Amino acid sequence: MTYYFNRTFCDCCVCPMKSVCEQLIDCEVNICTISAFLGGVKISDVEDFNVIGTLGGTPICIPISRITGIFVSPSKTINLKPIKKDVKGECACIEESATNKFEKEKSVEVIFPCEGQRRCEGTVNQVGEGIVIVSSPSEQCILSTCQVDAAFLFQQVSNSK
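Going by my numbering, 149 is the number at position 93 of the sequence shown; the sequence numbering is gapless.
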């Protein structure tokens with residue numbers, strides 16, 4: 057089966073996360089799913105919509121549709137798919153509105169599902185189709201915008217009068 061980015065039912069969150077995971081092959085990352093925190097996953101491949109790798113030397117397969125976020129080194133470069141304004145995904149009511157909001161924000165704290173709940177605080181570094189990257193000095197949080205539970209928006213304080 058051939059999958060075309062932005063032309064499947066998985067276009068708004070799964071395809072963008074698949075693209076991110078493909079860029080992380082041979083990297084060790086921390087992966088959040090809806091119900092688990094998987095620290096130290098070494099990604100070896102991405103097959104269809106599954107991440108293949110090892111966790112503590114044990115082979116593991118993680119469905120990309122279950123990934124809510126990935127934590128990587130702040131030095132890792134990730135290229136996001138551009139935001140498609142001409143195509144509506146199945147989750148346009150969720151993904152599109154979240155993406156539009158993150159495009160306007162600079163400093164946030166995001167709450168998302170991960171073995172209960174996780175938080176990621178920092179600067180909005182990039183926003184792409186279905187993905188927002190929030191960076192801090194210690195890590196980058198690559199988050200599926202479809203999975204964000206809430207985002208605290210920290211306004212920049214102006215010293216001008």
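Note that beta-carbon positions come from the ideal geometry of N, C-alpha and C, so glycine has one too.
Quick caveat, the model's predicted, so the values are computed rather than measured.
Other residues of its chain near residue i: CB distance less than 6 Å, five sequence neighbours each side excluded
{"i": "Thr-201", "result": "Glu-151, Ala-154, Thr-155, Gly-186 and Val-188"}
{"i": "Cys-176", "result": "Val-166, Val-190 and Cys-197"}
{"i": "Gly-178", "result": "Val-190, Ser-191 and Ser-192"}
{"i": "Leu-80", "result": "Ile-99"}
{"i": "Glu-159", "result": "Val-183"}
Own chain partners of residue i with C-beta closer than 8 Å, once the 5 adjacent residues on each side are dropped
{"i": "Asn-181", "result": "Ile-189, Val-190, Ser-191 and Gln-196"}
{"i": "Leu-94", "result": "Asn-86, Ile-87, Cys-88, Leu-111, Ile-116 and Ile-118"}
Beta bridge counterpart(s) of residue i as assigned by DSSP
{"i": "Leu-80", "result": "Bridge partners of Leu-80: none, in fact."}
{"i": "Lys-98", "result": "Glu-84 and Thr-110"}
{"i": "Ser-191", "result": "Thr-179 and Gln-196"}
{"i": "Ile-139", "result": "According to DSSP, Ile-139 bridges with nothing at all."}
{"i": "Gly-184", "result": "Ile-187"}
{"i": "Phe-208", "result": "Glu-165"}
Residue i burial status per 10 Å Cβ neighbour count (16 or more: buried)
{"i": "Phe-208", "result": "exposed"}
{"i": "Gln-173", "result": "exposed"}
{"i": "Cys-170", "result": "buried"}
{"i": "Gly-184", "result": "buried"}
{"i": "Lys-141", "result": "exposed"}
{"i": "Phe-168", "result": "buried"}
{"i": "Ser-75", "result": "buried"}
{"i": "Gly-96", "result": "exposed"}
Chain-order list of residues whose beta-carbon lies under 7 Å from that of residue i (same chain, five-residue window excluded)
{"i": "Lys-157", "result": "none"}
{"i": "Ala-92", "result": "Glu-171"}
Three or more beta-carbon pairs under 8 Å between the segment 112-131 and the segment 86-95, yes or no?
Judged by Cβ distances under 8 Å, the segment 112-131 makes contact with the segment 86-95, as three or more pairs qualify.
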